[in-house]
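Chains as they are written, first to last, in the numbering used here: chain E, 3 to 161; chain B, 2 to 785.
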């Protein structure tokens, strides 16, 4: 079995994985990071979304070996080292952007990816970016509002 | 700690204030504890082998090849469970067949025996040390099924000569319920100035909690322990005690962590749960099953699936004289108790809704077919009933040539008639339906519609508006709750409830109610739920938790403060009557003598103050609302765009403003999903054609978000001490008819007239495009 070396939430990891292992199973199993969720079996729901070298990917559709040498960020890696919540996390709480919380990790990661490329996205752009993430509870209303608020907070922090 | 307790603003997160949910910090950091996140040492994994046939005789099951896969511990079949004495799941009961005999249901077993009755029914189960080994071995189990013919919808099931699902249900009619006064209704129809009739399809839906079902069982201290994603842990415990040999209520402990959505789907014990529990006892190891999405589509409870012929009689002025409904409910092959009671009893209770309709004649037949069982799904019977009457109201308005809002206005139950007993014998405590309508019409700018319609037409689009004024029944008729309180020396107040969190934020609402009484900061409050060793009760369903459990929270908290007052009097050597309590501190009136609540707890035996309390609502609560929708339809493509959605909601007193808004709007999108895009599809052979999110169209972020949502708090519920009404299902119930009425209106205005009423959900672009060309499909012909 291949040994994988990659950066996970800012720290180097070295882990053995079978060639057929999916990234999500490596994360949830041997690496015990259970914040990344599995909500479907057809790459539709997006609950398993993680950042792979800064790009949001559905970790149910990525082989673990594809993380070799890459940087992987999961929901557990969004907050700062001192525990300070990422502005996206903060906005989801402030805007009541989650109910059951199961889709939330994927939503947070997708939103983080969007806000790296678009500083002031319109609501339509936010909704479009979230189209690959399903939520059954919120009606998406407050999720989009949270991403909008996070965008404002991030640009304020950069100003 | 002292600072927090002494903070004079500590009560600011009490009820009525928008607060940050206490659930959220863990959930946004990936620190939730959903069942599959638990990974006890030595856990092993189940993979079910499921029927590929809708109906067939089990000829043989070959397991040798599967057993040879490395890592496989065991492969079990229905015969193994039968030999071990595992009982079928508790059957649906309480209704009669058309011939007057008690209903009889096919046994719902953990694993099928002799016969399979729907695609996806578990037939065998592999247990292995890894998920991968279990999967590989399951692929090597060979099941020989002699396929038999199948029926997959209610009309086919009741057709002459249809194959029978179960000998105990002749003609596939499992049970029938009839209510009302048929003679009075017939007389009213005979003398009516106006009569309208509609055939309505309330299609089958997949509840689609984002977390699929999940269960982990193990043996600890000689007891069976189960951790699973459930809304009703006590019900699960009872079901396991009834099905597993040698088990009883004391020997089973059920725990629930975070639940990734419930919507009613997680309110029952499933065959898979029984197998996992049995396997843990058998193997003496932790045994886990995590459903794949496909498995939830195949074998978790579906919702709705009701075909109706509905008629309304009105006098010349538009007063409704009578309502007659005939319905067939497809409850699946192995029906659940909830699936039957929802259609035969609960839905009919609200058939006349907010209208003063003197006479009803309703008959619903529960029909077996070779499909998955139906059960509770958000609204559970009320969406079907409200859809029926609200479609009829619009049809009647067209018949009479008056505005739909005006027709509703003429038929509302006036406040002076409260309490009001409806034609189904249900008593509403309160409601100001006309006032909600007026607010709704203003919020939606109802008078400005014609101008907006003209503007849409100028852009080549058909515009329509829809309205739904309605109420619903909440509480599950399980109206009593108990809560335990523990004020501990570590600075926390713990409240334990048997109701269940499933994402609705009930812990935050309970915490706010506790803050009202204790006056401490909300971060001092902890809500414990989901452990049958600590609390037992009905669980959370039917929008009952706040007005039953929340009322109990307040009583229990008040009892705890009273208990503390006694203890403080002793500690301060003062009379009880002289002790005042405020913001986490007891003081002797008129002195500077006092003691902090948590310091007082520290001085007690066990370093805690204990109390409990309960509450019982006198009757259900009847939340009600006015939902209004506007749509644009592109006649070239049939595509429907919701362009406005407004609602005024009476849920009585509000504890958590953000949470109830989230319930209404998130719930409304589920109702919109039924109106526009969702449908479970079985083909004629009973194969499930909508078994993934590529085929089952769940609403996505770009469908609609611009809700205008208003609450009218001026009509508190009179049946519980909080004055609260259930909120969890209201939005879903109202959205479906509001949206469909708007699309029908758009097509009616667009030239179809009354013929537009033949449209059936879901109103996909194809359905609407065909409708615009007067192609409405074969239509319904319910048997007499």
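In this text, a Cβ means the ideal position worked out from N, Cα and C, and glycines have one as well. Predicted model, so just to flag it, every value in this text is computed and none were measured.
- Whole angstroms is fine: what's the gap from residue 264(B)'s alpha carbon to residue 47(E)'s? As a working mapping, residue 264(B) is identified with position 263 in the second chain. As a working mapping, residue 47(E) is identified with position 45 in the first chain. One C-alpha to the other measures close to 18 angstroms.
- Task: Identify which residue in 35(E), 12(E), 45(E), 74(E) has its Cα closest to the Cα of residue 696(B).
- Result: The sequence position of residue 696(B) within the second chain is 695, counting from 1. Ranking 35(E), 12(E), 45(E), 74(E) by Cα distance to residue 696(B) puts 45(E) first.
- Query: Is the shortest distance between the beta-carbon of residue 28(B) and the beta-carbons of chain E less than 8 angstroms?
  - Reply: Taking the second chain and counting its residues from 1, the one referred to as residue 28(B) is at position 27. Output row for residue 28(B): interface = yes.
- Going by DSSP, what residues sit across from residue 47(E) in a beta bridge? As a position in the first chain, residue 47(E) is number 45, starting the count at 1. In DSSP, residue 47(E) forms no bridge with anything.
- Residue burial classification, residue 176(B) (beta-carbon count within 10 angstroms, cutoff 16): The residue labelled residue 176(B) in the question sits at position 175 within the second chain. So residue 176(B) counts as buried.
- Tell whether a beta-carbon distance below 8 angstroms holds between residue 647(B) and residue 670(B). Counting from 1 along the second chain, the entry for residue 647(B) is found at position 646. Counting from 1 along the second chain, the entry for residue 670(B) is found at position 669. Result no, Cβ atoms of residue 647(B) and residue 670(B) do not sit closer than 8 angstroms.
- With respect to the alpha helix (DSSP H) encompassing residue 625(B), which residues constitute its N-terminal and C-terminal limits? The count along the second chain starts at 1 and reaches residue 625(B) at position 624. Segment 625–634 is the beta strand (DSSP E) holding residue 625(B); no alpha helix (DSSP H) there.
- What first and last residue would you give for the beta strand (DSSP E) that runs through residue 774(B)? For the purposes of this step, residue 774(B) is taken as the residue at position 773 of the second chain. Here residue 774(B) belongs to no beta strand (DSSP E), and DSSP marks it neither H nor E.
- Query: Does residue 127(E) come within less than 8 angstroms of chain B when only Cβ atoms are used?
  - Reply: Position 125 of the first chain, counted from the start, is the residue given in the question as residue 127(E). It does not: the Cβ of residue 127(E) has no partner Cβ on chain B nearer than 8 angstroms.
- Task: Go ahead and pull the three-state DSSP assignment for residue 25(B).
- Result: To locate residue 25(B), count along the second chain from 1; it is residue 24. The answer is helix: DSSP assigns residue 25(B) an H, G or I state.
- State yes or no: is the C-beta of residue 90(E) within less than 8 angstroms of the C-beta of residue 114(E)? For the purposes of this step, residue 90(E) is identified with residue 88 of the first chain, where counting begins at 1. For the purposes of this step, residue 114(E) is identified with residue 112 of the first chain, where counting begins at 1. Yes.
- Message: Any C-beta of chain E within less than 7 angstroms: which residues of the region 689–721 of chain B qualify?
- Response: 693, 694, 695, 699, 701, 702, 703, 706, 708
- Message: Does the region 558–576 of chain B come into contact with the region 513–523 of chain B, if we say contact requires no fewer than three beta-carbon pairs (one atom in each stretch) closer than 8 angstroms?
- Response: yes
- How would you call residue 289(B), buried or exposed, if buried means at least 16 neighbouring beta carbons within 10 angstroms? Counting from 1 along the second chain, the entry for residue 289(B) is found at position 288. Looking at its Cβ environment, which holds 16 or more other Cβ atoms inside 10 Å, residue 289(B) is buried.
- Task: Kindly give me the distance between the Cβ atoms of residue 310(B) and residue 239(B), rounded to whole angstroms, as I take these residues to be in contact under 8 angstroms.
- Result: Counted from its first residue, the second chain places residue 310(B) at position 309. Counted from its first residue, the second chain places residue 239(B) at position 238. Actually they are not in contact, since the Cβ atoms of residue 310(B) and residue 239(B) sit about 38 angstroms apart, beyond 8 angstroms.
- Query: Do we get a CB-CB distance below 8 angstroms when we pair residue 646(B) with the residues of chain E?
  - Reply: Taking the second chain and counting its residues from 1, the one referred to as residue 646(B) is at position 645. No, because no Cβ of chain E sits closer than 8 angstroms to the Cβ of residue 646(B).
- Message: Which residue marks the beginning of the beta strand (DSSP E) containing residue 167(B), and which one marks its end?
- Response: Your numbering for residue 167(B) matches position 166 in the second chain. Note, residue 167(B): premise wrong, no beta strand (DSSP E); not H, not E.
- Task: Report yes or no: is there a C-beta of chain E within less than 8 angstroms of the C-beta of residue 501(B)?
- Result: Locating residue 501(B) in the second chain gives position 500, where the first residue counts as 1. No, its Cβ sits nowhere closer than 8 angstroms to a Cβ of chain E.
- residue 155(E) (DSSP reduced to helix, strand or coil): The sequence position of residue 155(E) within the first chain is 153, counting from 1. The answer is helix: DSSP assigns residue 155(E) an H, G or I state.
- Measure the alpha-carbon distance for residue 677(B) versus residue 765(B) and round it to whole angstroms. As a first step, residue 677(B) is located in the second chain; it is residue number 676 there, counting from the start. As a first step, residue 765(B) is located in the second chain; it is residue number 764 there, counting from the start. Each residue's alpha carbon lies about 6 angstroms from the other.
- Query: For residue 228(B), which three-state DSSP category applies?
  - Reply: Within the second chain, numbered from 1, the residue matching residue 228(B) stands at position 227. Reduced to three states, the DSSP call for residue 228(B) is strand.
- Query: Whose C-alpha, out of 555(B), 661(B), 598(B), is nearest the C-alpha of residue 723(B)?
  - Reply: Residue 723(B) sits at position 722 when you count from the first residue of the second chain. Cα-wise, what sits closest to residue 723(B) is 555(B).
- Is residue 146(E) close to chain B, meaning its C-beta is less than 8 angstroms from at least one C-beta of that chain? For the purposes of this step, residue 146(E) is taken as the residue at position 144 of the first chain. Yes, because at least one Cβ of chain B sits closer than 8 angstroms to the Cβ of residue 146(E).
- Query: If we ignore side chains and look at the alpha-carbon of each, how far apart do residue 7(B) and residue 491(B) end up?
  - Reply: Numbered from 1 along the second chain, position 6 holds the residue referred to as residue 7(B). Numbered from 1 along the second chain, position 490 holds the residue referred to as residue 491(B). Low per-residue confidence applies at residue 7(B): pLDDT is 43, beneath 50, and the placement is therefore not dependable enough to give any value.
- Message: If contact is defined by three or more beta carbon pairs under 8 angstroms, each pair taking one atom from either stretch, is the region 49–66 of chain B in contact with the region 218–228 of chain B?
- Response: no
- Query: Does the Cβ-Cβ distance between residue 389(B) and residue 321(B) come in under 8 angstroms?
  - Reply: The residue given as residue 389(B) occupies position 388 in the second chain. The residue given as residue 321(B) occupies position 320 in the second chain. For residue 389(B) and residue 321(B), no; Cβs fall outside 8 angstroms.
- Message: Strictly by DSSP, which residues pair up with residue 495(B)?
- Response: Residue numbering aside, residue 495(B) sits at position 494 when the second chain is read from its first letter. Partner(s): 487(B), 527(B).
- Task: Have a look at 148(E), 154(E), 73(E), 69(E) and flag the residue whose alpha-carbon is nearest the alpha-carbon of residue 11(E).
- Result: The residue given as residue 11(E) occupies position 9 in the first chain. The shortest C-alpha separation from residue 11(E) is found at 73(E).
- Query: Which one or two residues does DSSP pair with residue 32(B) in a beta bridge?
  - Reply: Along the second chain, one-based indexing puts residue 32(B) at 31. Its beta-bridge partners do not exist; DSSP assigns none.
- Query: Straight-line CA distance for residue 656(B) to residue 334(B)?
  - Reply: As a working mapping, residue 656(B) is identified with position 655 in the second chain. As a working mapping, residue 334(B) is identified with position 333 in the second chain. Spanning the two alpha carbons is a distance of roughly 42 angstroms.
- Whole-angstrom C-beta distance between residue 373(B) and residue 121(B), which should lie under 8 angstroms: As a position in the second chain, residue 121(B) is number 120, starting the count at 1. As a position in the second chain, residue 373(B) is number 372, starting the count at 1. Right, the Cβ-Cβ distance comes to about 6 angstroms (below 8 angstroms), so this counts as a contact.
- Query: The beta strand (DSSP E) spanning residue 279(B) covers which residue range?
  - Reply: Here residue 279(B) is taken as the residue at index 278 of the second chain, counted from 1. Residue 279(B) -> not in any beta strand (DSSP E); alpha helix (DSSP H) instead, spanning 272–284.
- Kindly give me the distance between the Cβ atoms of residue 624(B) and residue 472(B), rounded to whole angstroms, as I take these residues to be in contact under 8 angstroms. Along the second chain, one-based indexing puts residue 624(B) at 623. Along the second chain, one-based indexing puts residue 472(B) at 471. Yes, residue 624(B) and residue 472(B) are in contact; Cβ-Cβ is about 7 angstroms, under 8 angstroms.
- Task: Have a look at residue 778(B) and residue 682(B) and give me their C-alpha separation to the nearest angstrom.
- Result: Within the second chain, the letter at position 777 stands for residue 778(B). Within the second chain, the letter at position 681 stands for residue 682(B). Each residue's alpha carbon lies about 16 angstroms from the other.
- Item | Straight-line Cα distance separating residue 504(B) from residue 510(B) | Position 509 of the second chain, counted from the first residue, corresponds to residue 510(B). Position 503 of the second chain, counted from the first residue, corresponds to residue 504(B). Their backbone Cα atoms lie some 12 angstroms apart in a straight line.
- Straight-line CA distance for residue 1(B) to residue 731(B)? Residue 1(B) cannot be examined here, being either before or after the span of chain B that is shown, 2 to 785.
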